[in-house]
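As structure tokens, the structure follows; a few thoughts come after it.
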Amino acid sequence: MANRKNTSPAKPATATTESAAVQAAQTAAQATGETVVAPASEAASANPTPEKPIPPKPKVAKKGTAGWVMATLKTRHCDGGVCKEAGEEMRMTRGTYERLKKYGRVE
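For the sequence shown, this note's numbering assigns the number -12 to the initial residue and increments by one for each residue that follows.
Next up, the structure:
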């Protein structure tokens, strides 16, 4: 390859970025045995907001699509030649679910 006249070799950028400054501070802190908190986490920890716990969902039949639900049976139930034992889940219409729920046969 031929050398070009009046050109200088490319020099890498030496500008210090924010991440490089944070990394340098962490390296220095590790050398002295201290811990450094990143600037982003300082803002988050300065104003803590308590998280509301998610309330547990009641044991109600899971709603399916367009009028169908998945119900957990308390007793044996047969529908259309398909029989399920107590404790198993069965897909049924909302009307059937409401009728069985009225008599305590589904959860």
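Cβ coordinates follow ideal geometry from the N, Cα and C atoms, glycine included.
For the set Thr83, Tyr84, Ala58, the Cα lying nearest the Cα of Gly74 is the one of Ala58. Restricted to the region 56 to 89, the alpha helix (DSSP H) segments that are unbroken, complete and at least 4 residues in length are 81 to 89, listed in chain order. Comparing C-alpha distances from Met79 to each of Ala53, Gly91, Tyr90 shows the shortest one belongs to Ala53. Between the C-alpha atoms of Glu72 and Ile41 there is a straight-line separation of about 32 Å.
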